[in-house]
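Undergrad: Numbering (the working numbering), first residue to last: 361 to 817. Just so it is clear, CB atoms sit at the ideal spot from N, CA and C, and this is done for glycine as well. This one's a predicted model, so the numbers in the text were calculated from it and none came from an experiment. Dropping the structure in here first, questions after.
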Amino acid sequence: MKRKLIAGILVLVVLGLALPVMNLVVPLPANELSGFTTSDPLLAKVAPILADKCVVCHSPSPELPFYAKFPVARQLMEYDVRTGVKHVDFVKEFFPATPGPVSEVMLAKLEYVTERDSMPPIHYLTMHWNHFPRAEEKEAIIEWVRSERMKHHATKDAPTAVQQQAIQPLPESVEVNLAKAALGDKLFHDKRLSKDDTISCASCHDLAKGGTDQAQFSTGVGGAMGDINAPTVFNSGFQFMQFWDGRAADLEGQADGPVNNPIEMASNWEEATAKLLQDEEFTRAFHEVYPDGYIKANFVDAIAEFERTLITPSAFDKYLRGDQGALTAEQKQGYQTFKDFGCATCHSGVILGGKSFEIMGLRDDYYRDRGNVHTPDYGRFNHTKDESDRFRLKVPTLRNIEVTFPYFHDGSTSDLGKAVETMAKYQSGRSITPRETELIVAFLGSLTGEYKGQKLQ
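Given below as structure tokens:
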């Protein structure tokens, strides 16, 4: 009996060592980044590292090794790939449908896991002994990330050290056509754009309420109720797409939506034009800026130009630009806690968000706990019909978060501390102490900015 037990243990040891040893001599199949060519010397060093140690779990259809056919191995690999692609898809990042640089969210995620040695995961490394990242490989990744960030995503008038960071200050100025913006301001506040002259853009995006209506869902013409929380209009010019599901590529596309939406303004540009033509003064002013007059392209251009002026610099921007006294000690500690929890991966860039679509419930099942899944919860999927986009929503900006309650696409809480706890559980997959929550909330308070010299309320 004892000999059989020893023999069984030896068999398990041999089997347990067989695959890791085999992986030392038999490389993983080639993937999309294998043989990647680039004129960037930093990326040329990094691409093979990512190809060898990352892409197999961060590609939707990787070619797996032959032993993936074995029952236990198959389940483990399928789980790793499914989980990896939920976090980031390297193929989409390096070979986007629309050519462009690697996103700043991807850079922030890669930087975060590299600095913390959290990727590849331990269970993967137990099978791939030669995939432990070496010190020089990690240094190469970080150097490339920061170089790429400075070239494509940094605020150019920020200090050099800050330009290398995941979170950037707002630019001190943006180029806008002031004449167009002035017309857009009037249109933004003009209720004649709605069918019954009761709703304007400002009804749901009140500049006195943080650029929102501070309601769970917005009320439209005739008391019609929306089904998704109205995001803030402040700093919206820095969003990479518009609406929670990204169905509008830019502010112009977004400005066209509410006027035609039967639940919001329930009108169209032809009806709005008929009303505006009766206003001789505004019509004259509009034609001075837009000689071809009242057409959709001009309406949305003016509104978008106005929205690009809605920038709210805050104490946090002063801090990033070198004013150490701009934040309290508690806010500084909260900023570090925010970064330690990985919040600055998705909430990166100049507006701490607005640059990617992420799954709501990445680490735990948000909808199971909330209950009653609704169509708006499907997010990006509603627009693309791509199953991998189901439950992906645009990451909201955290600027002015103190005054843009209630939170999340479903407006499910107005308690900022509760919102932080929800994110820690469902997005970071970590428990958070009351003190850590308190610190992060204090930091978020530093993001409340000013508009026209007045702090938002």
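Starting from residue 765 and walking both ways along the alpha helix (DSSP H), at which residues does that stretch end?
TA: That residue, residue 765, is in no alpha helix (DSSP H); it is neither H nor E in DSSP.
Undergrad: Can you list, in chain order, the residues of its chain whose CB lies under 7 Å from that of residue 804, leaving out five sequence neighbours each side?
TA: Correct list, in chain order: 758, 761, 762, 776.
Undergrad: Measure the Cβ-Cβ separation of residue 623 and residue 584 and say whether it is below 7 Å.
TA: Yes, they are a contact pair.
Undergrad: Once DSSP output is grouped into helix, strand and coil, what is the label at residue 333?
TA: Because residue 333 is not part of the residues shown, which for the chain are 361 to 817, the question remains open.
Undergrad: Below 8 Å, how does it come out for the segment 630-643 and the segment 558-565: are there three or more Cβ pairs, yes or no?
TA: In short, these stretches do not touch, since the Cβ pair count stays below three.
Undergrad: Say whether the segment 661-668 touches the segment 608-617, bearing in mind that this needs 3 or more beta-carbon pairs closer than 8 Å, one atom from each stretch.
TA: The answer is yes - the segment 608-617 touches the segment 661-668, with three or more Cβ pairs under 8 Å.
Undergrad: May I ask you to report which of helix, strand or coil DSSP gives residue 617?
TA: Residue state, collapsed to three classes: helix.
Undergrad: Does the segment 485-493 come close enough to the segment 441-461 that 3 or more CB-CB pairs lie under 8 Å?
TA: The segment 441-461, when compared against the segment 485-493, does not touch it at the 8 Å Cβ threshold.
Undergrad: Where does residue 739 fall in DSSP's three states?
TA: Three-state DSSP puts residue 739 in a strand.
Undergrad: Counting along the chain, where does the beta strand (DSSP E) carrying residue 511 start and finish?
TA: Premise fails: residue 511 lies in the alpha helix (DSSP H), 495-512, not in any beta strand (DSSP E).
Undergrad: So residue 670 is in the alpha helix (DSSP H); what residue range does that whole segment cover?
TA: Unbroken run through residue 670: none, as it is neither H nor E.
Undergrad: I'd like to know whether the C-beta atoms of residue 666 and residue 548 end up nearer to each other than 7 Å.
TA: For residue 666 and residue 548, yes; Cβs fall inside 7 Å.
Undergrad: Give every residue of the same chain whose Cβ lies closer than 6 Å to the Cβ of residue 678, excluding the five residues on either side of it in the sequence, and list them in chain order.
TA: Around residue 678: 686.
Undergrad: When the Cα of residue 749 is compared with those of 738, 569, 608, which residue comes out closest?
TA: The shortest Cα separation from residue 749 among 738, 569, 608 belongs to 738.
Undergrad: Give the range of the alpha helix (DSSP H) segment to which residue 778 is assigned.
TA: Segment 776-783, the alpha helix (DSSP H) holding residue 778.
Undergrad: Looking at the strands, I want to know which residues DSSP matches up with residue 811.
TA: 814.
Undergrad: Looking only at DSSP bridge pairs, what is residue 602 linked to?
TA: 608.
Undergrad: Count the other CB atoms, across all protein chains shown, that sit within 10 Å of the CB of residue 745; report buried if there are 16 or more and exposed otherwise.
TA: The residue in question, residue 745, is exposed, as its Cβ has fewer than 16 Cβ neighbours within 10 Å.
Undergrad: Cα separation between residue 581 and residue 753?
TA: Going from the Cα of residue 581 to the Cα of residue 753 covers about 26 Å.
Undergrad: Can you tell me which of the three DSSP states residue 822 falls into?
TA: The requested residue 822 is not part of the displayed model; the chain covers only 361 to 817.
Undergrad: Around the Cβ of residue 543, are there at least 16 other Cβ atoms within 10 angstroms (buried) or fewer (exposed)?
TA: That one is buried.
Undergrad: Near residue 651, what residues of its chain come up, given a Cβ to Cβ distance below 8 Å and the 5 sequence neighbours on each side ignored?
TA: No residues qualify anywhere along the chain.
Undergrad: Based on the DSSP secondary-structure assignment, which residues constitute the bridge partners of residue 566?
TA: Beta-bridge pairing links residue 566 to 572.
Undergrad: Considering only residues of the same chain and omitting the five flanking positions on each side of residue 462, which have a CB-CB separation below 7 Å?
TA: Counting only Cβ-Cβ distances below 7 Å, and skipping sequence neighbours, we find 453, 454, 508.
Undergrad: Whose CA, out of 647, 536, 505, lies closest to the CA of residue 523?
TA: Cα-wise, what sits closest to residue 523 is 505.
Undergrad: CA-CA distance, residue 435 and residue 441?
TA: Near 10 Å, if we compare the C-alpha coordinates of residue 441 and residue 435.
Undergrad: Is residue 717 helix, strand or coil by DSSP?
TA: Residue 717 falls in the strand class under three-state DSSP.
Undergrad: Which of the three DSSP states, helix, strand or coil, is assigned to residue 585?
TA: Residue 585 falls in the strand class under three-state DSSP.
Undergrad: Need the endpoints of the beta strand (DSSP E) that residue 754 sits in, please.
TA: Element bounds for residue 754: 752-754.
Undergrad: Going by DSSP in three states, residue 773 sits in which element: helix, strand or coil?
TA: DSSP places residue 773 in strand when its eight states are reduced to three.
Undergrad: With a threshold of 16 other CB atoms inside 10 Å of the CB of residue 647, please say whether the residue is buried or exposed.
TA: By the neighbour-count rule (16 or more Cβ atoms within 10 Å), residue 647 is not buried but exposed.
Undergrad: State the start and end residues of the unbroken alpha helix (DSSP H) segment that holds residue 695.
TA: Run containing residue 695: 689-700, per the alpha helix (DSSP H) assignment.
Undergrad: Using the beta-carbon count (16 or more within 10 Å), is residue 813 buried or exposed?
TA: Burial call: exposed.
Undergrad: Do residue 586 and residue 596 have their CB atoms nearer than 7 Å?
TA: Cβ distance not < 7 Å, so residue 586 and residue 596 don't count as in contact.
Undergrad: For a test of the three-state rule: what should DSSP assign to residue 579, helix, strand or coil?
TA: Residue 579 falls in the strand class under three-state DSSP.
Undergrad: Would you call the segment 790-806 and the segment 691-701 touching, i.e. three or more CB-CB distances under 8 Å?
TA: They touch, by the three-pair rule.
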